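The opening position of the sequence shown corresponds to residue 339 in our numbering, with each subsequent residue numbered one higher.
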Amino acid sequence: PFLRCLTWIISLFAVSGNLAVLVILLISHHKLTISRFLMCNLALADLFMGLYLLLIAFMDHYSRHGYYNHATDWQTGPGCGIAGFLTVFASELSVYTLTVISVERWHTITNAMHVNKRLRMRHVTIIMAVGWVFSLLVALLPLVGVSSYGKVSICVPMDIDTLG
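1) Beta-carbon separation of Gly-419 and Leu-481 under 8 Å?
2) Tell me the rounded alpha-carbon separation between Gly-502 and Ala-352.
3) Given 8 Å as the limit, is there contact between the region 439–448 and the region 388–398, that is, 3 or more CB pairs closer than that?
4) When DSSP labels each residue in this structure, what does Ala-409 get in the three-state scheme?
5) Considering Cα atoms alone, identify which of Phe-375, Ile-362 and Gly-388 is closest to Thr-425.
6) Would Met-387 count as contacting chain D if we go by Cβ distances under 8 Å?
7) First and last residue of the alpha helix (DSSP H) that includes Cys-493?
8) How many whole angstroms separate the CB atoms of Thr-435 and Ala-383, which I take to be in contact at a CB cut-off of 8 Å?
9) Put Ala-450 into one of helix, strand or coil per three-state DSSP.
10) Grouping DSSP H, G and I as helix and E and B as strand, with all else coil, what is Thr-371?
11) Should Ser-432 go down as buried or exposed, given a rule of 16 or more other Cβ atoms within 10 Å for buried?
12) Let me know the secondary structure DSSP gives Ser-401 once reduced to three states.
13) Cutting at 8 Å between CB atoms, please list the residues of its own chain near Asn-356, excluding the five before and the five after it.
14) Look at Arg-460 and Thr-446 and say whether their C-beta atoms are less than 8 Å apart.
15) Give the straight-line distance between the Cα atoms of Ile-525 and Ala-428, rounded to the nearest whole angstrom.
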């Protein structure tokens, strides 16, 4: 019961919190800086992870005390594919974005006195586009037949004691 409750709380906070961050950053009257742009990307990645947790929480609630009745349909159906895609995409994009943020901060600090060596929004946009494409490709592989999300624990809700 504690894990179930915590999953609902975390997923709802992740979705609402990251939506709030996106809305605030995007409707703000301030110029979209590199830092704000990268925060938007990180908020999107974390939003996708929150949606994954929400999907797993819904499936756990739906299959409560009878997961064995739903296991095959769930693990071979579109729900598991969506859950797998969301978690892999969000994880890859989040780690990639955090890496870009770290490198951008390092670059900005080490080149603070060299105006001509600063990163431009165009460069960061291209770097993040590469990250999005990479994350999409990695997350789509199981959906096009390379391995499967149904064979790993990504799709298993919390009630696995009732496997039969």
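Beta carbons are placed, not taken as given, at the ideal position from N, Cα and C, and that holds for glycine. The model shown is predicted, which means the values in this text are computed figures rather than measured ones.
Reading it off the structure:
1) yes
2) Its pLDDT being 45, under 50, Gly-502 is placed unreliably by the model, and nothing is read from it.
3) No: the two stretches stay apart, fewer than three of their Cβ pairs being nearer than 8 Å.
4) helix
5) Gly-388
6) Given the protein chain composition of this structure (a single chain), no chain D is represented.
7) Careful: Cys-493 lies outside any alpha helix (DSSP H) and carries neither H nor E.
8) 6 Å
9) Of the three classes helix, strand and coil, the one that applies to Ala-450 here is coil, per DSSP.
10) Looking at Thr-371 - three-state DSSP - the assignment turns out to be coil, as it is neither helix nor strand.
11) buried
12) coil
13) Ala-381, Leu-382, Asp-384, Leu-385 and Gly-388
14) Not closer than 8 Å, so no.
15) Since the first residue of the chain shown is 339 and the last is 502, residue 525 is not available in this structure.
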